[in-house]
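*Asks:* Counted from 1, the sequence shown has number 359 at position 102 by our numbering; the numbering is strictly sequential.
We put the CB at the ideal spot given by N, CA and C, even for glycine.
Quick caveat: nothing in here was measured; it's all calculated off a predicted structure.
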Amino acid sequence: MKISSFDHYKEVYKQSVEQPEEFWAGVADTFQWRKKWDKVLEWNFKEPRIEWFKGAKLNITENCLDRHLEEHGDKTAIIWEPNDPKDSHRVLTYRQLHDKVCQFANALKNNGAKKGDRICIYMPMVPELAIAVLACARIGAIHSVVFGGFSAQSIADRIQDAACNIVITADGGVRGNKEVPLKSIIDDALVQCKSVERVIVLTHSRTPISMIKGRDVWWEDEIRKVETQGNPDCPAEEMDAEDMLFILYTSGSTGKPKGVVHTCGGYMVYTGFTFDTAFQYQPEEVYFCTADIGWITGHSYIVYGPLSQGATTLMFEGIPTWPAPGRFWEIVEKYKVNIFYTAPTAIRSLMSFGLDVVKDKDLSSLNKLGSVGEPINEEAWHWFNDNIGHNKCPIVDTWWQTETGGFMISPVAGITPLKPSFAGLPLPGVQPILVDEKGEEVVGNDVSGNLCIKFPWPGMLRTTYGDHERCRTTYFATYDNMYFTGDGCLRDEDGYYRITGRVDDVLNVSGHRIGTAEVENAINMHSSVVESAVVGYPHDIKGQGVYAFVVCPNKHSDDELTRKDIIMTVARIIGAIAKPDKIQFVSGLPKTRSGKIMRRILRKVAEGDTGNLGDTSTLLDPAVVEEIKAGAL
Ligand code: WT7
Numbered sequence: 258m259k260i261s262s263f264d265h266y267k268e269v270y271k272q273s274v275e276q277p278e279e280f281w282a283g284v285a286d287t288f289q290w291r292k293k294w295d296k297v298l299e300w301n302f303k304e305p306r307i308e309w310f311k312g313a314k315l316n317i318t319e320n321c322l323d324r325h326l327e328e329h330g331d332k333t334a335i336i337w338e339p340n341d342p343k344d345s346h347r348v349l350t351y352r353q354l355h356d357k358v359c360q361f362a363n364a365l366k367n368n369g370a371k372k373g374d375r376i377c378i379y380m381p382m383v384p385e386l387a388i389a390v391l392a393c394a395r396i397g398a399i400h401s402v403v404f405g406g407f408s409a410q411s412i413a414d415r416i417q418d419a420a421c422n423i424v425i426t427a428d429g430g431v432r433g434n435k436e437v438p439l440k441s442i443i444d445d446a447l448v449q450c451k452s453v454e455r456v457i458v459l460t461h462s463r464t465p466i467s468m469i470k471g472r473d474v475w476w477e478d479e480i481r482k483v484e485t486q487g488n489p490d491c492p493a494e495e496m497d498a499e500d501m502l503f504i505l506y507t508s509g510s511t512g513k514p515k516g517v518v519h520t521c522g523g524y525m526v527y528t529g530f531t532f533d534t535a536f537q538y539q540p541e542e543v544y545f546c547t548a549d550i551g552w553i554t555g556h557s558y559i560v561y562g563p564l565s566q567g568a569t570t571l572m573f574e575g576i577p578t579w580p581a582p583g584r585f586w587e588i589v590e591k592y593k594v595n596i597f598y599t600a601p602t603a604i605r606s607l608m609s610f611g612l613d614v615v616k617d618k619d620l621s622s623l624n625k626l627g628s629v630g631e632p633i634n635e636e637a638w639h640w641f642n643d644n645i646g647h648n649k650c651p652i653v654d655t656w657w658q659t660e661t662g663g664f665m666i667s668p669v670a671g672i673t674p675l676k677p678s679f680a681g682l683p684l685p686g687v688q689p690i691l692v693d694e695k696g697e698e699v700v701g702n703d704v705s706g707n708l709c710i711k712f713p714w715p716g717m718l719r720t721t722y723g724d725h726e727r728c729r730t731t732y733f734a735t736y737d738n739m740y741f742t743g744d745g746c747l748r749d750e751d752g753y754y755r756i757t758g759r760v761d762d763v764l765n766v767s768g769h770r771i772g773t774a775e776v777e778n779a780i781n782m783h784s785s786v787v788e789s790a791v792v793g794y795p796h797d798i799k800g801q802g803v804y805a806f807v808v809c810p811n812k813h814s815d816d817e818l819t820r821k822d823i824i825m826t827v828a829r830i831i832g833a834i835a836k837p838d839k840i841q842f843v844s845g846l847p848k849t850r851s852g853k854i855m856r857r858i859l860r861k862v863a864e865g866d867t868g869n870l871g872d873t874s875t876l877l878d879p880a881v882v883e884e885i886k887a888g889a890l
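1) Here's the rule: buried if 16 or more other CB atoms are within 10 angstroms of the residue's CB, otherwise exposed. What is F250?
2) Can you give me the Cβ contacts of E454 inside the same chain, cut-off strictly under 8 Å, excluding the 5 residues immediately before and after it?
3) Please report the distance separating the alpha-carbon of T849 from that of D822.
4) Taking the continuous alpha helix (DSSP H) assigned at M825, which residues delimit it?
5) How far does the alpha helix (DSSP H) with I388 in it reach, from first residue to last?
6) Out of I834, A427, A603 and E436, which has the shortest C-alpha to C-alpha gap to V474?
7) Report buried or exposed for F263, applying the criterion of at least 16 other Cβ atoms within 10 angstroms of its Cβ.
8) At a cut-off of 7 Å, is P715 close to ligand 1 when judged by its beta-carbon and the heavy atoms of the ligand?
9) Counting only the same chain and skipping the five closest in sequence on each side, list residues whose C-beta sits under 7 Å from that of T735.
10) With the cut-off set at 8 Å, would you say V284 and V526 are in Cβ contact?
11) In the DSSP assignment, the beta strand (DSSP E) including L298 goes from what residue to what residue?
12) Is I690 near F641, with beta carbons less than 8 Å apart?
13) Going by alpha carbons, who is nearest to N707 out of R755, D418, Q449 and D724?
14) CA-CA distance, K271 and L354?
15) Can you round the beta-carbon distance between F361 and A387 to whole angstroms, since I take them to be within the 8 Å contact cut?
16) So what does G516 bridge to, in DSSP terms?
17) Determine the contact status of E660 and V760, defining contact as a CB-CB distance below 8 Å.
18) I'd like to check one pair, L620 with W586: are the Cβ atoms closer than 8 Å?
19) Any idea what DSSP makes of A734, helix, strand or coil?
20) To the nearest angstrom, how far is it from the Cα of Y561 to the Cα of Q486?
21) List the endpoints of the continuous alpha helix (DSSP H) containing D445.
22) Check whether the region 533-551 touches the region 288-301, taking contact to mean three or more Cβ pairs, one atom from each stretch, closer than 8 Å.
23) Quick one: residues with CB closer than 7 Å to any heavy atom of ligand 1, in chain order, please.
24) Between I550 and M382, is the Cβ-Cβ spacing less than 8 Å?
25) Where do the ends of the alpha helix (DSSP H) carrying W222 lie?
26) According to the Cβ coordinates, are E499 and R291 closer than 8 Å?
27) Exposed or buried, what is G567 when buried is set at 16 or more other beta-carbons lying within 10 Å of its beta-carbon?
28) Return helix, strand or coil for Y561, following the three-state DSSP convention.
29) Let me make sure I understand the geometry here. Which of A805, D838, H519 and I798 has the alpha-carbon closest to that of F610?
30) Can you find the residues in the same chain that come closer than 8 Å, C-beta to C-beta, to K513, ignoring five residues on each side of it along the sequence?
31) Distance check for V543 and V348, CA to CA, integer angstroms please.
32) Note down the Cα distance separating E338 from D344, rounded to an integer number of angstroms.
33) Note down, one range per segment and in chain order, each beta strand (DSSP E) of at least 3 residues found wholly within the region 641-720.
34) Excluding the five sequence neighbours on either side, which residues of its own chain have a C-beta within less than 6 Å of the C-beta of A398, listed in chain order?
35) Since G575 contacts N340 with CB under 8 Å, what's their CB separation in whole angstroms?
36) Could you spell out where the beta strand (DSSP E) holding R472 opens and where it closes?
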């Protein structure tokens with residue numbers, strides 16, 4: 258939605274809150290439906306049950322592809338920049354992307370895929386990843402993308418949870434000078450996954466891999482078969498607005514990651530609307546989001562949001578620091594990128610290389626910047642603003658979550674006033690509310706509390722796959738009649754929101770969400786570990802680092818070796834992103850008489866703030882605290 262002024266924003270916002278159904282119906286009218294809805298919204302947050310655009314029929318890929326063909330078929334949909342700048346880049350127009358999606362959708366069907374199937378995608382950042390995602394949506398199969406950094410065990414957990422019957426992967430991926438042996442990791446995962454009947458393997462890195470007869474087929478062979486069948490088109494499956502579109506696993510404060518479920522109609526409307534509104538996207542702009550499609554940012558704002566709006570979206574296979582730390586800026590220069598959307602952790606890491614790698618790059622094409630994933634500190638905000646945006650690009654600091662599907666609190670580029678480190682005001686249709694521990698609303702401005710949302714929005718999660726009760730208890734049971742985000746937040750004197758970070762046991766490491774319980778479970782898998790407790794601590798680049806207190810009485814005589822073994826164990830069980838940054842061996846954990854670990858104390862120690870540990874009188878054994886303080890890393 259194009260917004261012309263701050264007053265216009267206020268007017269639209271007011272209407273969106275006073276008449277939400279009319280508002281969202283108006284937004285939904287800008288999309289293409291096979292059949293329109295009978296009812297815009299039915300909901301209760303008690304069960305919860307949330308239905309948007311009830312009775313409507315659509316296919317999201319018709320909105321992302323087909324509807325652009327007549328007038329913009331030759332417009333670039335995807336620009337792909339390879340890991341190695343010496344390799345050639347690729348460009349796909351909307352027509353080419355449409356054709357490739359149809360082809361691969363037919364290949365999926367040839368391999369037995371049908372509406373409602375769950376398909377796991379474990380791929381590098383190549384156009385075929387976007388094609389695979391869209392091909393699933395084309396035929397009504399539910400995709401479950403697993404980020405390429407997750408371990409075989411994590412993949413197996415996710416495949417089992419959703420009982421996927423097909424896996425789409427590649428031989429290998431390359432990020433910087435590292436190779437990721439994707440297919441071999443899948444082979445390891447599949448030892449535990451009886452539901453998988455077919456693995457489709459894209460040729461990419463040309464690493465030698467095993468191919469199992471009857472189970473594994475090559476992507477290229479399957480495309481060739483479709484070509485000889487001579488029927489390249491694949492009519493889109495008609496989906497109900499509330500049919501599942503995808504599952505994406507995310508960490509919580511307890512247990513295994515949960516499968517967040519998004520549905521076709523609401524997610525389409527919400528991602529398209531928020532992309533267009535927050536970035537005020539103009540038709541000729543080149544848009545570059547540096548995320549991986551394995552995370553929600555990539556789903557919503559590399560694939561679905563931009564494509565439903567007919568945008569040109571840039572996919573980058575590599576990492577910001579290879580072959581040199583100026584890589585992002587090189588890409589901006591090479592493709593004359595207009596909108597650059599990245600994470601604070603990337604900004605902070607690039608800041609540390611100084612301005613030499615920036616100053617010889619032509620960044621004059623940039624007109625809007627974006628930030629996502631964690632609170633952006635003022636220093637990073639100003640560096641981004643001064644050295645990348647040259648003080649002429651609004652920074653859109655988008656606060657949202659895997660569960661929200663799309664941006665919730667965010668500036669409207671060039672329209673709403675900016676404040677460094679503030680996500681700002683809610684987007685139209687979003688009704689935030691702050692509550693205190695007792696669940697009482699915190700009213701007025703210049704206040705803080707726990708951030709909740711009190712009215713549904715079309716992009717919100719509908720359930721957690723296979724376990725609706727978990728969805729209810731995690732998000733809708735803490736406070737009556739509200740969606741609880743898990744974030745702490747302050748609202749300043751002007752009503753602007755600043756996210757202060759998670760208030761639950763979830764860490765945000767380099768913009769990635771990691772559950773402390775998950776890391777503890779992984780550490781505890783190590784054969785000599787008795788128990789452990791994991792907390793976050795402030796980290797200059799990552800935002801938060803992982804600090805583990807580990808009880809390990811029979812460890813190797815060399816502590817360093819045991820530390821490395823524990824780190825390796827975590828990498829095996831979860832993936833490299835969850836590796837502890839610091840491991841402190843302790844003889845016991847500070848526990849209350851009822852056996853609860855006092856994390857508050859551990860957090861203070863990890864933060865290096867041992868002066869005042871607060872009340873320790875309820876501790877079973879106060880002596881352990883002295884030992885832990887003395888051994889702090
Ligand atoms: C958590 C959600 C949303 C896509 C990437 C992460 C934190 C996210 C911001 C922001 C401050 C932010 C929150 C949130 N977060 N964006 N702009 N400012 N904090 O998605 O993995 O689901 O994590 O990331 O703590 O709850 P996610």
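*Replies:* In short, the structure shows the following:
1) Here the chain has residues from 258 to 890 only, and residue 250 is not among them.
2) Hits under 8 Å: G369, N422, I423 and R472.
3) Straight through space, the alpha carbons of D822 and T849 are spaced by roughly 30 Å.
4) Unbroken alpha helix (DSSP H) run through M825: D816 to I830.
5) Residue range P384 to I396 is occupied by the alpha helix (DSSP H) that includes I388.
6) The residue from I834, A427, A603 and E436 with its alpha-carbon nearest to that of V474 is A427.
7) Exposed.
8) Because no heavy atom of ligand 1 lies under 7 Å away, the Cβ of P715 does not count as near it: no.
9) Once the five neighbours on either side are set aside, the close Cβ partners of T735 are F741.
10) Closer than 8 Å, so yes.
11) Segment K296 to N301, the beta strand (DSSP E) holding L298.
12) When the beta-carbon positions are compared, I690 and F641 stay at least 8 Å from each other.
13) Nearest C-alpha to N707: R755.
14) K271 and L354 have their C-alpha atoms spaced approximately 39 Å apart.
15) Contact check for F361 and A387: beta-carbon distance about 10 Å, past the 8 Å limit, so the pair fails to qualify.
16) G516 is bridged to Y506.
17) In this structure, E660 sits away from V760, with a CB-CB distance that is not shorter than 8 Å.
18) Yes; because the gap between Cβ atoms is below 8 Å, this pair is in contact.
19) Coil, per DSSP.
20) About 29 Å.
21) Where D445 is concerned, the enclosing alpha helix (DSSP H) stretches over L439 to L447.
22) No, they do not touch.
23) Neighbourhood of ligand 1, defined by CB distance below 7 Å to any of its heavy atoms: T507, W552, I553, T554, S628, V629, G630, E631, P632, I633, D654, T655, W656, W657, Q658, T659, E660, A680, T742, G743, D744, I756, G758, R759, N765, G768, H769 and R770, in chain order.
24) In contact: I550 and M382 (Cβ atoms closer than 8 Å).
25) For the chain, the structure presents residues 258 to 890; residue 222 sits outside this window and is missing.
26) No, the Cβ-Cβ distance between E499 and R291 is not below 8 Å.
27) Buried: at least 16 other Cβ atoms inside 10 Å.
28) Y561 falls in the helix class under three-state DSSP.
29) Here the closest residue by C-alpha is I798.
30) Taking K513 as the centre and dropping the five residues before and after it, the same chain places the C-beta of D414, D418 and E775 closer than 8 Å to its C-beta, in chain order.
31) Each residue's alpha carbon lies about 12 Å from the other.
32) Cα-Cα distance, rounded: 9 Å.
33) Along the region 641-720, the beta strand (DSSP E) occurs as fully enclosed runs of 3 or more residues at 652-655, 689-692 and 704-710, listed in sequence order.
34) Here the set comprises A370, D374 and I376.
35) The Cβ separation is near 4 Å, so the contact holds.
36) No beta strand (DSSP E) contains R472, which DSSP labels as neither H nor E.
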